[in-house]
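Take the position in the first sequence, starting the count at 1, then add 457; the result is the number in the numbering used here. Virtual Cβ for every residue (Gly too), placed ideally from N, Cα, C.
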Amino acid sequence: MLDIQLIRDHPETVRDALRKRNDNPAIVDDVLGLDSQWRELLQSVESLRAERNRVSKEIGRMQDKQARQAKIDEMRDVGERLSGLDGERREVEEALRAKLLWIPNIPDPTTPVGPDEGSNVEIRRWGSPRDFAAEGIKPVPHWDLGPELDIIDFERGVNLSGSRFYILKGLGARLQRALIFWFLDVHTRENGFTEFYVPFVVKRDMLVGAGQLPKFEDNLYHDVEDDLWLLPTAEVAITNLHRDEILDHQQLPLHYVAYTPCFRREKMSAGRDVRGIKRGHQFDKVEMYEFVDPATSYDELNAMVAVGEDLLRRLGLPYRVLELCTGDVSFAAAKGFDLEVWAPGQDAWLEVSSCSNCTDFQARRANVRFRTTPDARPEFVHTLNGSGLALPRIMIAILENYQQADGSVVVPEVLRPYVGVDVIRRALR
RNA sequence: GGAGGGAUGGCCGAGCGGACGAUGGCGGCGGUCUUGAAAACCGUAGUGGCUGUAAAGUCACCGUGGGUUCGAAUCCCACUCCCUCCGCCA
458 MLDIQLIRDH
468 PETVRDALRK
478 RNDNPAIVDD
488 VLGLDSQWRE
498 LLQSVESLRA
508 ERNRVSKEIG
518 RMQDKQARQA
528 KIDEMRDVGE
538 RLSGLDGERR
548 EVEEALRAKL
558 LWIPNIPDPT
568 TPVGPDEGSN
578 VEIRRWGSPR
588 DFAAEGIKPV
598 PHWDLGPELD
608 IIDFERGVNL
618 SGSRFYILKG
628 LGARLQRALI
638 FWFLDVHTRE
648 NGFTEFYVPF
658 VVKRDMLVGA
668 GQLPKFEDNL
678 YHDVEDDLWL
688 LPTAEVAITN
698 LHRDEILDHQ
708 QLPLHYVAYT
718 PCFRREKMSA
728 GRDVRGIKRG
738 HQFDKVEMYE
748 FVDPATSYDE
758 LNAMVAVGED
768 LLRRLGLPYR
778 VLELCTGDVS
788 FAAAKGFDLE
798 VWAPGQDAWL
808 EVSSCSNCTD
818 FQARRANVRF
828 RTTPDARPEF
838 VHTLNGSGLA
848 LPRIMIAILE
858 NYQQADGSVV
868 VPEVLRPYVG
878 VDVIRRALR
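Here you go:
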């Protein structure tokens with residue numbers, strides 16, 4: 458959520474931000490209209506209330522029965538006017554808040570301007586894709602490799618749960634678990650992150666706090682009976698971990714990491730990426746999340762990207778880093794970088810991490826603040842999130858990059874202690 | 001799932017219709033004393049909104065949402081969460 462004060466004082470800044478995001482700037486005028494209406498009502502309500510408070514105190518001290526009754530009658534009228542006006546105030550206030558929740562974060566000035574992902578800027582590239590042609594191998598996509606190795610079962614996944622669900626079997630399941638363990642171990646042992654295990658379903662307000670609601674309701678799974686929502690990402694749970702808290706400056710920055718499954722309906726992506734395990738309704742992810750002092754948030758963002766890159770290098774997977782443009786940076790973020798890994802089987806780059814600085818946008822929604830000194834006014838923290846990393850896509854990259862001519866797959870060295878074998882072959886059975 | 005008890009400021013805890021934004025204690029901050037520290041003593045201290053250049057004024061907040069009343073932390077209703085006991089259970 459944006460600071461209403463910012464919208465009042467610099468509406469053109471906000472309109473400009475919306476245009477750059479390919480969004481309709483008209484909402485700014487809706488907000489300004491509601492806001493001035495609200496302030497007018499608030500002032501009427503408060504002056505009536507001030508009068509009532511004052512007179513009510515007098516009534517408490519009055520001895521003269523008649524005069525007292527006269528004041529009581531007078532205040533009864535005031536009370537009626539007050540409740541009418543206050544009802545109006547509340548309606549306008551709710552309408553205003555509802556509008557505000559639809560406005561995205563303002564992109565940072567350094568975010569490249571562009572309408573869609575075509576305008577993202579590649580800023581780095583690491584590793585060179587393996588020369589399969591030179592080896593005389595035609596790289597096979599994972600959707601063929603997986604079933605061939607008997608480690609991915611698409612058909613039975615669909616039988617259980619419908620399209621976009623799959624099953625990992627044997628070393629496939631083990632490889633995924635190995636990645637989860639290794640990621641968490643690196644983050645907690647080397648990078649100073651604190652590991653969390655969180656509920657996979659949360660209350661509605663938590664989705665609002667993280668910015669998924671109201672705008673992305675279509676993409677979420679939801680239990681109607683208890684109004685509980687499945688996490689689309691661990692970010693939602695962790696954003697709200699310190700909801701309504703005032704943190705001490707010395708605690709910051711907080712580096713958190715959590716492994717969770719993620720659930721997404723993928724309605725917007727109907728028909729896209731239907732093959733393989735690239736885009737399922739359920740996937741696993743290790744998520745980094747940080748609460749930081751606003752002064753350091755951009756440094757922290759760079760550091761977070763570096764952590765993601767380090768994981769990819771140690772896995773030996775060629776990748777590139779994209780600086781997201783205004784049309785592609787996420788709703789809650791002011792700036793973001795994507796990490797994309799090379800998938801030779803499908804001749805494509807796969808997004809395996811998106812690191813974002815959400816500045817005070819989520820902190821304002823979830824009300825997470827801090828004090829610079831013990832008696833300073835509380836300020837909103839900045840929050841960052843980034844995948845570290847998204848699992849099924851890393852598995853795709855491993856399978857496709859490390860495949861051999863006989864259809865077996867070499868396990869990257871860092872994972873061998875976790876997987877227990879050097880090479881994944883089809884089980885003879 | 002059944003029965004009972006509870007929710008007050010950073011923490012503990014009083015208040016049960018009118019001078020209560022809330023006694024008191026602890027903790028915090030500032031000071032006195034001290035070579036320094038502790039103790040003791042004195043003082044200070046919540047969050048947010050609106051108006052205002054400011055000084056200041058005003059409103060709201062005692063789990064949440066409604067209601068009664070001229071007036072609600074206090075009375076009524078609903079909900080949420082916590083505790084105790086019983087049942088069930090990974």
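| Query | Result |
| --- | --- |
| Using alpha carbons as the reference points, say which of Val471, Leu628, Glu870, Gly629 lies closest to Asn562. | Val471 |
| Buried or exposed for Asn481, please, with buried defined as at least 16 other CB atoms from any protein chain shown within 10 angstroms of its CB. | exposed |
| Checking the sheet assignment: what are the DSSP bridge partners for Ile624? | Asp610 |
| Can the beta-carbon of Gly845 be found less than 7 Å from the beta-carbon of Met745? | yes |
| Using CA coordinates, which residue listed in His699, Val512, Cys719, Arg721 is at the minimum distance from Leu895? | Outside the shown range of the chain (458 to 886) lies residue 895, about which nothing can therefore be said. |
| Between Arg821, Leu772, Ala524, Leu688, which lies nearest to Val809 when the distance is taken from Cα to Cα? | Leu772 |
| Do Gly864 and Glu605 have their beta-carbon atoms positioned less than 7 Å apart in this structure? | yes |
| Answer yes or no: do Lys792 and Asp460 have a C-beta to C-beta separation smaller than 7 Å? | no |
| Out of Ile853, Cys815, Leu628, which one is the CA nearest neighbour of Asp804? | Ile853 |
| Give a yes or no on whether the C-beta atoms belonging to Phe740 and Pro656 are separated by under 7 Å. | no |
| Within the same chain, show all residues whose beta-carbon is closer than 6 Å to that of Gly603, passing over the 5 residues directly before and after it, in chain order. | Ile609 |
| Provide the residue(s) that pair with Met745 in DSSP beta bridges, ordered along the chain. | Val714, Gly843 |
| From Arg496 to Arg546, what does the alpha carbon distance come to, in whole angstroms? | 9 Å |
| Note down, in chain order, each residue of its chain lying with its Cβ closer than 8 Å to the Cβ of Arg661, except the 5 sequence neighbours on either side. | Leu670, Asp684, Trp686 |
| Just how far apart, CA to CA, sit Ala474 and Leu677? | 26 Å |
| Return the chain-ordered ranges of every alpha helix (DSSP H) run that is complete within the stretch 478-528 and spans a minimum of 4 residues. | 483-518 |
| Identify, in the order they occur along the chain, each residue of the same chain with its Cβ nearer than 8 Å to the Cβ of Leu641, setting aside the five sequence neighbours on each side. | Glu652, Val714, Tyr716, Val743 |
| Note down the Cα distance separating Gly575 from Val878, rounded to an integer number of angstroms. | 40 Å |
| Give me the Cβ distance between Asn648 and Leu774, rounded to the nearest whole Å; I'm assuming they're in contact under 8 Å. | Going by Cβ atoms, the distance from Asn648 to Leu774 rounds to 19 Å, so no, they are not a contact pair. |
| Looking at the unbroken alpha helix (DSSP H) that takes in Leu768, where does it start and where does it end? | 754-772 |
| Our contact map puts Glu723 next to Arg732 with C-beta atoms below 8 Å; I'd like the distance itself, whole angstroms only. | Contact doesn't hold; Cβ gap of about 14 Å is too wide. |
| Within a Cβ cutoff of 6 Å, which residues of the same chain sit near Val838, ignoring the five residues on either side of it in sequence? | Phe748, Ala820, Val825, Phe827 |
| Which full runs of the alpha helix (DSSP H) of 4+ residues lie inside the stretch 670-700, going along the chain? | 691-696 |
| What's the C-alpha gap between Met532 and Val502? | 14 Å |
| Take the Cβ of Arg886 as the centre, count every other Cβ of all protein chains shown within 10 Å, and call the residue buried at 16 or more, exposed below. | Confidence at Arg886 is low in this model, with a pLDDT of 49, below 50, so its placement is unreliable and the value that follows should be read with caution. Exposed, by the Cβ-count rule. |
| Tell me where the beta strand (DSSP E) around Ala862 begins and ends. | No beta strand (DSSP E) holds Ala862; DSSP gives it neither H nor E. |
| Exposed or buried, Gly668, counting other C-beta atoms within 10 Å across all chains shown (16 or more means buried)? | buried |
| Counting along the chain, where does the alpha helix (DSSP H) carrying Phe653 start and finish? | Phe653 -> not in any alpha helix (DSSP H); beta strand (DSSP E) instead, spanning 651-653. |
| Under DSSP, the alpha helix (DSSP H) around Ala833 begins and ends at which residues? | From DSSP, Ala833 is part of no alpha helix (DSSP H); its letter is neither H nor E. |
| In whole angstroms, give me the CA-to-CA distance for Leu558 and Arg518. | 47 Å |
| Keeping to the same chain, check which residues put their C-beta closer than 6 Å to that of Pro598; ignore five residues upstream and five downstream. | Gly802, Gln803 |
| Between which residues of its own chain and Ile516 is the CB-CB distance below 7 Å, once the five residues before and five after are set aside? | Arg525, Lys528, Ile529 |
| Between the alpha carbons of Phe673 and Ser787, how many angstroms are there, rounded? | 12 Å |
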